Amino acid sequence: MCAHRLILVCLLLLIPIKVWAYRPFASTDADVVAANELEIELGYFNWERASGKNSYVTPQLVFNYGLTNTLELIAEFDLEHDLDGKSQPVDPGLFLKKVFKAGVLQDSEGVSFALEGGLLLPSAVAGENSTGFEAIGIL
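Numbering (my numbering), first residue to last: 151 to 289.
Encoded structure:
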C-alpha cells in the first residue's frame, strides 16, 4: 500500500500544471514602472567588518520612475554607517531601463527582454571617487 502511494505521488508531481509565482530577483526584472509612477524598493540590511572596523549598511534605496510604459529612470544608493555614528552614501548610480520585448511580466506571451544601463557615480568611500558605466541585458 505504501509503494502505491509513493508511485501516485511521483506521478502527480510529473503532471504539468500552470502555476502563478514570481521569483525573487537578485538584481532586477525585465519590467518597468507604469508611466508617471514612482516605485521605491528597499534592499537588504548588511552588517560588515572590514580592516578591523564594524559598520552596517541600511537597506539599499532604489527609486524607479516611469517615464513611459517601456522606459524608467532609476536612482539608487546605500547608506553606510560606522559604529562611531558617521554615515556616508555608497554605490550611487543613475540608470535607464528600456523594455524591448513585452512578455509574461507585461501580461503578454513569451519572454520579456529589457536593457538597463547608466552611470556609476562617485562614492563617499575613500578610493571610490570616479565615475563608471554599467549595462545589463535582462530576460
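Quick reminder that beta carbons are idealized off the backbone N, C-alpha and C, glycines included.
Just so you know, these numbers come straight off a predicted model, no measurement behind them.
Rounded to the nearest angstrom, how far is the Cβ of residue i from that of residue j, given a contact under 8 Å?
i      : j      : result
Ser205 : His231 : 6 Å
Ala274 : Gln238 : 4 Å
Leu211 : Glu226 : 7 Å
Buried or exposed: residue i, going by 16 or more other Cβ atoms within 10 Å of its Cβ?
i      : result
Val182 : buried
Phe224 : The identity of residue 224 in the sequence shown is Ile, whereas the question assumes Phe. With 16 or more other Cβ atoms within 10 Å, it is buried.
Asn214 : buried
Lys236 : exposed
Nearest by alpha-carbon distance to residue i: which of the options is it?
i      : options                           : result
Gly260 : Phe250, Asp234, Gly267 and Glu266 : Phe250
Gly216 : Lys247, Gly282 and Asn186         : Asn186
Glu284 : Trp197, Arg155 and Leu265         : Leu265
Gln256 : Ala153, Asn196, Ala180 and Asp228 : Ala180
Ser177 : Thr220, Lys236, Leu188 and Leu192 : Leu192
Thr220 : Lys247, Val159 and Leu188         : Lys247
For residue i, which residues of its own chain have a beta-carbon under 6 Å away from its beta-carbon, when the five flanking residues on both sides are left out?
i      : result
Ala252 : Ser258
Leu233 : Asn204
Ala198 : The amino acid at residue 198 is misidentified as Ala; the sequence shows Glu. Cβ neighbours of Glu198 beyond the five flanking positions: Ser205.
Ile286 : Glu266
Residues in its own chain within less than 8 Å of residue i by CB, not counting five upstream and five downstream?
i      : result
Leu162 : none
Pro272 : Pro242, Glu278, Asn279, Ser280 and Thr281
Asp240 : Checking the sequence, you will find Val at residue 240 rather than Asp. Same-chain partners within the cutoff: Val207, Phe227, Asp228, Leu229, Glu230, Ser273, Ala274, Val275 and Glu278.
Phe263 : Ala180, Val249, Phe250, Lys251, Gly253, Gly287, Ile288 and Leu289
For residue i, which residues in the same chain have their Cβ closer than 7 Å to its Cβ, ignoring the five residues on either side in sequence?
i      : result
Phe245 : Ile224, Glu266, Gly267 and Gly268
Thr218 : Ala185
Ala153 : none
Glu189 : Val183 and Asn214
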